[in-house]
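Numbering (our numbering), first residue to last: 495 to 741.
Ideal Cβ positions, reconstructed from N, Cα and C, are used throughout, including at glycine.
The model shown is predicted, which means the values in this text are computed figures rather than measured ones.
Just below is one structure, and these are the notes that go with it.
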């Protein structure tokens, strides 16, 4: 028997819409019948989920196995190289143009009610340890390159000109960008309880510059704090880090 707590997970994860039972093709199936006992619905749903999708959902519960899915009228999205490869070009125009395409497609997807307008990107953490599994999301180990990438990418996402705001203090955002993860995050395990010990000089020279560029030059609309602690204080509860420094 399938565990009852899996029902909302599978109902939410196995469909491109928010509720799979809204689809007329499956609405008449037993697992969509709210009048049936929950055990019956769960068992019926469990028999219909391919093994690879069930395993994928149980492993992390985020992405749809075996990959991203689309539903009409949206059938595809442009796929670009990983950030680590893109940043190796040292080409600000390329960074900006990629972000501009992403945000244009995002607007189209939003018009079709297929996506939101808040994007949790770019990842501007410093990639110091090659064992870090998310390192390919970042521009690399160089604070200067990371900052330049961040500025161009954020401007492209949010709809600013490549050289900065065309209209000072504009309230218009093409989409909302988010520089992450603040701060000193470059270790996946144990990220929820890791305590990064960082000197003030290393913070100022290595870990802070890209975020400063995000805010002051890129005018990023949001910053994501990191799971880890820095010098004994959880980043997401550090007033000095999030309030005093950022503002």
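| field | Start and end residues, alpha helix (DSSP H) containing residue 587 | value | Here the question's residue 587 lines up with position 93 in the chain shown. In the DSSP assignment, residue 587 falls within the alpha helix (DSSP H) that extends over 586 to 605.
| query | What is the residue span of the beta strand (DSSP E) that residue 672 lies within? | reply | What you label residue 672 is simply residue 178 of the chain shown in a count that begins at 1. Note, residue 672: beta strand (DSSP E), 672 to 676.
| query | Looking only at its own chain, which residues have a Cβ that is under 8 Å from the Cβ of residue 676, when we skip the five neighbours before and after it? | reply | Walking along the chain shown from the start, residue 676 turns up at place 182. Excluding sequence neighbours, residue 676 sits near 705, 717, 718, 719, 720, 729, 735, 736, 740.
| said: For the beta strand (DSSP E) containing residue 719, name the first residue and the last one. | reply: Residue 719 sits at position 225 when you count from the first residue of the chain shown. Residue 719 -> beta strand (DSSP E) spans 716 to 719.
| field | Where residue 698 falls, given that 16 or more other Cβ within 10 Å makes a residue buried | value | Counting from one through the chain shown, the residue named residue 698 turns up at place 204. By the neighbour-count rule (16 or more Cβ atoms within 10 Å), residue 698 is not buried but exposed.
| query | Okay, do the region 579 to 592 and the region 542 to 550 touch, 3+ Cβ pairs below 8 Å being the bar? | reply | No, because fewer than three Cβ pairs between the region 579 to 592 and the region 542 to 550 fall closer than 8 Å, the two stretches do not touch.
| field | Per DSSP, the bridge partner or partners of residue 727 | value | For the purposes of this step, residue 727 is identified with residue 233 of the chain shown, where counting begins at 1. Paired residues: 724.
| Roughly how many angstroms lie between the CA atoms of residue 523 and residue 548, to the nearest whole one? | As a first step, residue 523 is located in the chain shown; it is residue number 29 there, counting from the start. As a first step, residue 548 is located in the chain shown; it is residue number 54 there, counting from the start. C-alpha separation (whole angstroms): 19 Å.
| Proximal residues to residue 690 (C-beta, below 6 Å), its chain only, five neighbours per side dropped | Within the chain shown, numbered from 1, the residue matching residue 690 stands at position 196. For residue 690, where only same-chain residues beyond five positions count, the Cβ hits under 6 Å are 678, 722, 724.
| In this structure, what does DSSP give as the bridge partners for residue 550? | The count along the chain shown starts at 1 and reaches residue 550 at position 56. BP columns for residue 550 are empty, so no partner.
| request: Taking only beta-carbon positions, decide if residue 522 is within less than 9 Å of chain B. | output: No chain B appears in the structure shown, which is made up of a single protein chain.
| query | How about the region 567 to 575 and the region 622 to 637: do they share at least three Cβ pairs that are nearer than 8 Å? | reply | No: the two stretches stay apart, fewer than three of their Cβ pairs being nearer than 8 Å.
| task | Let me know the secondary structure DSSP gives residue 690 once reduced to three states. | result | Numbered from its first residue, the chain shown carries residue 690 at position 196. The answer is strand: DSSP assigns residue 690 an E or B state.
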